[in-house]
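Remarks on the structure that follows.
2 protein chains.
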Amino acid sequence: MTKHKVGDRVGVGCMVNSCRECANCLNGDEQYCLKGMVGTYGAEDRDGTITQGGYSTHVVVTEHFVVSIPDGLELDVAAPLLCAGITTYSPLHRWGAGPGKKVAVVGLGGLGHMAVKLAAAMGAEVTVLSQSLKKQEDGLRLGATSYFATSDPGTFEQLAGSFDLIINTVSASIDISAYLQLLTLDGALVNVGAPAEPLPVNAFALIGGRRSFAGSMIGGIPETQEMLNFCAEHGIGADIEVIPAGKINDAYERVLASDVRYRFVIDTATL
Amino acid sequence: MTKHKVGDRVGVGCMVNSCRECANCLNGDEQYCLKGMVGTYGAEDRDGTITQGGYSTHVVVTEHFVVSIPDGLELDVAAPLLCAGITTYSPLHRWGAGPGKKVAVVGLGGLGHMAVKLAAAMGAEVTVLSQSLKKQEDGLRLGATSYFATSDPGTFEQLAGSFDLIINTVSASIDISAYLQLLTLDGALVNVGAPAEPLPVNAFALIGGRRSFAGSMIGGIPETQEMLNFCAEHGIGADIEVIPAGKINDAYERVLASDVRYRFVIDTATL
């Protein structure tokens, strides 16, 4: 073992293995391993065993898939960064969120609240597009400078051609063509969730502004480490509610009811 | 007048005016003028007159929208470059077609045949994806190294994850999600035509390879000049059939029947 030593503060995210030989793996895009990455939860690993997920007090993972939690980042607020953090950091970073860029985040849930924090820390001007204004105060506290309700059709008129980048964290079907019209020339709308049903896309909405509709899935291991370092540097963690193991079923119901701000973290000492 | 002088060989493309003051115009993206560009055919110009199109022996156009036809490029084979040429050159160039890149062109018509010539001249490895193998010989002559029939489902299996860039020149509805699966990691499928109906896009096809579905509309004036210079340098013109004015109605019927290889050009001396 060369990457970590006993006693280091470390984390394991959504994947625990990949072929580590294909072009994507060698390029640090293990999540796109051409032979298939191995998910942390109930996936068949390369040796035929089934991965056991995060409801565990111990886990054995090859060091390549173990990242360092930098000092100054508490373990509990760091845990969701390994999924919601990297899932939003990766497209924000790749599509150039930063000073002078206008970024919209669709949906203010576990993913969305991280997207707002990260985009703001990158220096972008952040707008939240949420169904209602219910979480407006939260959105502004997290770093957004504007907050609009998408249930109001006026929002789409007012914001037409506004954003360089839209991160869509909503897994339900939304009217993608309407959101594409909110992009400026060469803007991109990146989905990080995947609705089960295909999304109807009006090609005019793309062609009329040289826009892109794209997708992104978590992030690679080097990028995950980069994200953790970025978060430590900017004092960013997830907003969490720590629960004991006995509350897992309650928490699950509350997740379904969108009653969490913004991620539950299980205290594994209680398992 | 400073850009051209009497006797110069010049051309006018799909647009004849724009505001020339907005960010997009100032950036050479006049086709995306924020106040609306003025099309060459039956559009209302900034002075209220209606543009008269290309069935003319003379046309008055402000010099900014007049491009130079380089020596060595015949006027007849250059004419379609001002539409089909720039429409395909722009996305090929912007999305990085060149040595080491695999480019697929969907549809081998007026736009497609230019996409093949241009992508090959840029040094990319070009594949044509056409409904049938009817025009295979043409495709290979134009510069493609492979040619596949999309009516054969095996094509989609065989080519999965193959292309860095796909230029879709087909304006009919095609199964975009199936074509997206042909892209490699970070690949882009760019539509240059716009079907009337929305295209259903499976978000998994995007997320599963960080892929983009994008659109592009003709090109700006500086880019059109760049394309003409590129064509002159590489000896590229459109494949055309020159017709006298009296054959316009016949030619129109033949276009509808896809019976043209690959563009009709009207000899305006016969008007």
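Chains as they are written, first to last, in our numbering: chain U, 32 to 302; chain F, 32 to 302. C-beta atoms are modelled at their ideal positions from N, C-alpha and C, and glycine is treated no differently. Bear in mind that the values here come from a model prediction, so they are computed numbers and not experimental data.
> Is the beta carbon of G59(U) sitting closer than 7 Å to the one on P253(U)?
Replying inline: Along the first sequence, one-based indexing puts residue 59(U) at 28. Along the first sequence, one-based indexing puts residue 253(U) at 222. Between G59(U) and P253(U), the gap from beta carbon to beta carbon is short of 7 Å.
> Within 10 angstroms of its Cβ, does Q256(U) collect 16 or more other Cβ (buried), or is it exposed?
Replying inline: For this step, residue 256(U) is matched to residue 225 along the first sequence. Buried is the call here.
> Quick one, which of M153(U), V69(U), K165(U) and A135(U) has its alpha-carbon nearest F187(U)'s?
Replying inline: Counting from 1 along the first sequence, the entry for residue 187(U) is found at position 156. Nearest to F187(U) by alpha-carbon distance, out of M153(U), V69(U), K165(U) and A135(U), is A135(U).
> Along chain U, in chain order, which residues have C-beta atoms closer than 7 Å to that of F235(F)?
Replying inline: By 1-based counting over the second sequence, the position of residue 235(F) is 204. Neighbours of F235(F) in chain U, taken as residues whose beta carbon is under 7 Å from its own, are A225 in chain order.
> Closest by CA to Y63(F), which one among G250(F), P226(F) and P231(F)?
Replying inline: Here residue 63(F) is taken as the residue at index 32 of the second sequence, counted from 1. Of the residues G250(F), P226(F) and P231(F), the one whose Cα lies closest to the Cα of Y63(F) is G250(F).
>> So if I threshold CB-CB distances at 9 Å, which residues from the region 236 to 255 of chain F count as touching chain U?
In response: Listed by position along the chain: A236, L237, I238, G239, G240, R241, R242, S243, F244, A245, G246, S247 and M248.
>> Which residue wins for smallest C-alpha separation from V27(U), given the options F194(U), G44(U), E264(U) and E228(U)?
In response: Any question about residue 27(U) goes unanswered here, given that chain U covers just 32 to 302.
> Just how far apart, CA to CA, sit V108(F) and S182(F)?
Replying inline: Taking the second sequence and counting its residues from 1, the one referred to as residue 108(F) is at position 77. Taking the second sequence and counting its residues from 1, the one referred to as residue 182(F) is at position 151. Each residue's Cα considered, the two are about 32 Å apart.
>> Between which residues of its own chain and A225(U) is the CB-CB distance below 8 Å, once the five residues before and five after are set aside?
In response: Walking along the first sequence from the start, residue 225(U) turns up at place 194. Close CB contacts of A225(U) within its chain, under the 8 Å cut and outside five residues either way in sequence, are with S202 and G246 (chain order).
>> I want to see whether chain U comes within less than 7 Å of P130(F), judged by CB atoms only; does it?
In response: For this step, residue 130(F) is matched to residue 99 along the second sequence. For P130(F), the answer is no, since every Cβ of chain U falls outside 7 Å of its Cβ.
> Taking DSSP as the reference, what is the three-state secondary structure of T201(U)?
Replying inline: As a working mapping, residue 201(U) is identified with position 170 in the first sequence. Reading the sequence as shown, one finds Val at residue 201(U) and not Thr. In the structure shown, V201(U) falls within a coil segment according to DSSP collapsed to helix, strand and coil.
> Can you list the residues of chain U that P229(F) reaches, using a CB-CB cut of under 7 Å?
Replying inline: Within the second sequence, residue 229(F) is the residue found at index 198, counting from 1. Taking a Cβ-Cβ threshold of 7 Å, the residues of chain U close to P229(F) are S208, P231, V232 and N233, in chain order.
> Nearest to V273(F) by alpha carbon, out of V90(F), L106(F) and G38(F)?
Replying inline: As a working note, residue 273(F) is residue 242 in the second sequence. That would be L106(F), whose Cα lies nearest to the Cα of V273(F).
> Quick check: the region 212 to 221 of chain F against the region 188 to 200 of chain F, are there 3 or more CB pairs under 8 Å?
Replying inline: Yes, the region 212 to 221 of chain F is in contact with the region 188 to 200 of chain F.
> In terms of residue numbering, what span does the beta strand (DSSP E) encompassing Y283(U) cover?
Replying inline: Stepping through the first sequence from its first residue, residue 283(U) is reached at position 252. That residue, Y283(U), is in no beta strand (DSSP E); its alpha helix (DSSP H) goes I279 to L287.
> Is the shortest distance between the beta-carbon of N260(F) and the beta-carbons of chain U less than 7 Å?
Replying inline: Counting from 1 along the second sequence, the entry for residue 260(F) is found at position 229. No, its Cβ sits nowhere closer than 7 Å to a Cβ of chain U.
> Can you find a CB in chain F that lies within less than 7 Å of the CB of Y120(U)?
Replying inline: Here residue 120(U) is taken as the residue at index 89 of the first sequence, counted from 1. No, Y120(U) lies away from the interface with chain F (no Cβ there is under 7 Å from its Cβ).
>> Please report the straight-line C-alpha distance between W126(U) and I297(F), rounded to a whole angstrom.
In response: Counted from its first residue, the first sequence places residue 126(U) at position 95. Counted from its first residue, the second sequence places residue 297(F) at position 266. Just so you know, the alpha carbons of W126(U) and I297(F) end up roughly 44 Å apart.
> Who are the Cβ neighbours of R294(U) in its own chain at under 6 Å, not counting the five residues just before and after it?
Replying inline: Counting from 1 along the first sequence, the entry for residue 294(U) is found at position 263. The residues are P111, G141, A269 and I271.
> Would you call the CB atoms of G84(F) and T93(F) closer than 7 Å?
Replying inline: Translated into positions along the second sequence, residue 84(F) becomes position 53. Translated into positions along the second sequence, residue 93(F) becomes position 62. Cβ distance not < 7 Å, so G84(F) and T93(F) don't count as in contact.
>> What does the Cβ neighbour count give for I267(F), buried or exposed, with the cut at 16 atoms within 10 Å?
In response: Taking the second sequence and counting its residues from 1, one reaches residue 267(F) at position 236. I267(F) should be labelled buried.
> Are the Cβ atoms of G131(F) and M153(F) separated by less than 7 Å?
Replying inline: Counting from 1 along the second sequence, the entry for residue 131(F) is found at position 100. Counting from 1 along the second sequence, the entry for residue 153(F) is found at position 122. No, they are not a contact pair.
> Given a limit of 7 Å on CB to CB distance, which residues of the region 51 to 68 of chain F reach chain U?
Replying inline: The residues in question are N55, D60 and Y63.
> Does any CB atom of chain U fall closer than 7 Å to the CB of L164(F)?
Replying inline: Looking up residue 164(F) in the second sequence gives position 133. Not one chain U Cβ lies under 7 Å of L164(F).
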